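Residue numbers (UniProt numbering): 1 to 573. Quick reminder that beta carbons are idealized off the backbone N, C-alpha and C, glycines included. Keep in mind the model is a prediction, meaning the values are calculated, not measured.
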């Protein structure tokens, strides 16, 4: 997602030719991409060699015919049983690492790394003091009987320190500063037990040592028992373990790191740390971030042909000077926009289906029409920051990234963006200039799901997304007719559009009876590209017959025809 500012990326369009083609990087081999193990931040830099190759593919304006086609990327399965054995093994290894980390509470400690170094420091102090203590002579046991119990208790403690090395902290309790709170009380109990043992055994102090050893072991073993409960960590509302949706989440991190288990585990830890620092849980419920002008820049609308939700990013809204100033004028506004965009993405992710086999990725449509140019420094900075955050913390949430209305200056911006993109991510990219944008979107999104402004028929009105649309390609210098027979009285409604228009359109009703006359519903006329993109008509039918729609394409280019019809019972006058 990327899913993501939306994935604030931009694209290139070839300027001179009228016919623009879809541009897509067809290099999908992510396994050849070198990635350093310890620091994932350096990985984008190492992709420069691959990305420069991609830039040469799109660097020649007017050479659209040589741009590689798209559609090569195919989503992998999220069902564990369908995975190759190597991927299954990697998934199990990652689960083991996560379980160990949960047992050790590593995820909660990841936000305070300094404490890990400071905790061991006081430990050597008591041991060093114990080692420097002068040894106590055992011959004191033969002295006065009244003082034997006290001296032997001290001797027993010191000999326990000499003979029993595993539990040094409790042994040095009388002399060392007490780190644990409970040690002074335990020391008293040990002295009492030592006194009892010393009074009963005069000649041998070994039994007192054994008694003290038992109490020491009991005290030391009771402390870790309280910390053995594994911590509970969730991401996007899903636990890291013990949930049927967990595998889907873990596979995202594994695929983002080419199934390198240690790198995927590091990425998970880094993501959880970032989510805590960014306060994602609080961000979800922050109502002060939303603004009316922001809601016009990013919105969700419909689904693609494979069922992925589609997010539209409208960069042209930032061409408005007031909107641009509110969003990018200073660091505070840029951070507010970034937080709002992350909030929007998080809410969208929570609506995905993370069950095995479910739809758990998003299609991004980036409209670059009237987008501010590459000279806008503030926009470039926000873009770089957002791209890095999205790629580091939202792996594999992007099903496809479609750039439409791509301007001529894409190449310059692409140089800025490419260091932040992996080859796997770029394999999902599709680019289209203004004249090919609608055609490109219709490859991936059904007309009833695609907004009218982008070449579809989806809008508020009589028809909805459940009313299927028929697509027809009208050849150059050809005529196409649509006939809809009617056998009973009804009200017939239809919507029709031709991408780019510049064709002639007419509609008529032809009765079945020979004695009836043909009724002209819409006189044939040429419809220009600047007119209303969708034509809507209704006709009340009172006798059997058929409605005939005629499209006459007299141009030298093929045209895409979209239409749908439906009937309603006719009310009697």
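Helix, strand or coil at residue i [DSSP, three-state]
{"i": "residue 494", "result": "strand"}
{"i": "residue 576", "result": "With the chain represented from 1 up to 573, any question about residue 576 goes unanswered, as that position is not in the structure."}
{"i": "residue 281", "result": "helix"}
{"i": "residue 555", "result": "coil"}
{"i": "residue 88", "result": "helix"}
{"i": "residue 372", "result": "coil"}
{"i": "residue 345", "result": "helix"}
{"i": "residue 538", "result": "strand"}
{"i": "residue 468", "result": "coil"}
{"i": "residue 406", "result": "coil"}
{"i": "residue 475", "result": "coil"}
{"i": "residue 327", "result": "helix"}
{"i": "residue 392", "result": "helix"}
{"i": "residue 529", "result": "coil"}
{"i": "residue 79", "result": "coil"}
{"i": "residue 452", "result": "helix"}
{"i": "residue 234", "result": "strand"}
{"i": "residue 74", "result": "coil"}
{"i": "residue 336", "result": "helix"}
{"i": "residue 518", "result": "coil"}
{"i": "residue 351", "result": "coil"}
{"i": "residue 384", "result": "helix"}
{"i": "residue 523", "result": "strand"}
{"i": "residue 104", "result": "coil"}
{"i": "residue 96", "result": "helix"}
Alpha-carbon to alpha-carbon, residue j and residue i
{"i": "residue 44", "j": "residue 482", "result": "With a pLDDT of only 39 at residue 44, under 50, the local geometry of the prediction cannot be trusted, and the value read off the model is given with reservation. Approximately 53 Å, taken between the alpha carbons."}
{"i": "residue 454", "j": "residue 319", "result": "19 Å"}
{"i": "residue 325", "j": "residue 408", "result": "24 Å"}
{"i": "residue 531", "j": "residue 446", "result": "23 Å"}
{"i": "residue 504", "j": "residue 554", "result": "8 Å"}
{"i": "residue 571", "j": "residue 487", "result": "16 Å"}
{"i": "residue 475", "j": "residue 528", "result": "18 Å"}
{"i": "residue 568", "j": "residue 548", "result": "18 Å"}
{"i": "residue 402", "j": "residue 364", "result": "6 Å"}
{"i": "residue 370", "j": "residue 432", "result": "15 Å"}
{"i": "residue 322", "j": "residue 404", "result": "24 Å"}
{"i": "residue 368", "j": "residue 346", "result": "24 Å"}
{"i": "residue 243", "j": "residue 92", "result": "14 Å"}
{"i": "residue 229", "j": "residue 266", "result": "23 Å"}
{"i": "residue 391", "j": "residue 508", "result": "55 Å"}
{"i": "residue 352", "j": "residue 361", "result": "7 Å"}
{"i": "residue 437", "j": "residue 499", "result": "10 Å"}
{"i": "residue 286", "j": "residue 520", "result": "57 Å"}
{"i": "residue 254", "j": "residue 269", "result": "13 Å"}
{"i": "residue 551", "j": "residue 506", "result": "7 Å"}
{"i": "residue 463", "j": "residue 348", "result": "26 Å"}
For residue j and residue i, believed in contact at Cβ under 8 Å, the rounded distance
{"i": "residue 440", "j": "residue 430", "result": "6 Å"}
{"i": "residue 565", "j": "residue 480", "result": "That belief does not hold up - the Cβ atoms of residue 565 and residue 480 are roughly 15 Å apart, past 8 Å."}
{"i": "residue 98", "j": "residue 241", "result": "6 Å"}
{"i": "residue 458", "j": "residue 471", "result": "Not quite, the Cβ-Cβ distance comes to about 14 Å (not below 8 Å), so this is no contact."}
{"i": "residue 289", "j": "residue 340", "result": "4 Å"}
{"i": "residue 443", "j": "residue 382", "result": "The Cβ separation is near 30 Å, so there is no contact."}
{"i": "residue 298", "j": "residue 304", "result": "The pair is not a contact, with the Cβ atoms about 17 Å apart (cut-off 8 Å)."}
{"i": "residue 456", "j": "residue 489", "result": "At roughly 32 Å, the Cβ-Cβ gap does not stay under 8 Å, so residue 456 and residue 489 are not in contact."}
{"i": "residue 75", "j": "residue 468", "result": "The pair is not a contact, with the Cβ atoms about 25 Å apart (cut-off 8 Å)."}
{"i": "residue 366", "j": "residue 414", "result": "At roughly 13 Å, the Cβ-Cβ gap does not stay under 8 Å, so residue 366 and residue 414 are not in contact."}
{"i": "residue 545", "j": "residue 493", "result": "Going by Cβ atoms, the distance from residue 545 to residue 493 rounds to 16 Å, so no, they are not a contact pair."}
For residue i, the residue or residues it bridges with in DSSP
{"i": "residue 545", "result": "486 and 511"}
{"i": "residue 359", "result": "For residue 359, which the question treats as bridged, DSSP gives no partner whatsoever."}
{"i": "residue 366", "result": "313 and 403"}
{"i": "residue 561", "result": "472 and 498"}
{"i": "residue 574", "result": "For residue 574 there is no data in the structure shown, the boundaries of the chain being 1 and 573."}
{"i": "residue 568", "result": "491"}
{"i": "residue 398", "result": "362"}
{"i": "residue 481", "result": "550"}
Cutoff 9 Å: residue i Cβ touching any chain C Cβ
{"i": "residue 448", "result": "Absent from the structure: chain C. Only one protein chain is present."}
Cβ-heavy atom distance, residue i to the ligand NAD, below 8 Å
{"i": "residue 76", "result": "Only the bare structure without any ligand can be found here, which leaves the ligand NAD out of the picture."}
Complete runs of the alpha helix (DSSP H) confined to the segment 238-324 [at least 4 residues]: If one requires a minimum length of 4 residues, the alpha helix (DSSP H) runs lying completely within the segment 238-324 are 246-256, 261-278, 280-283 and 292-295, in chain order.
Every unbroken alpha helix (DSSP H) within the segment 409-446, with a cutoff of 4 residues, ordered by chain: Correct list: 410-417, 423-426 and 437-444.
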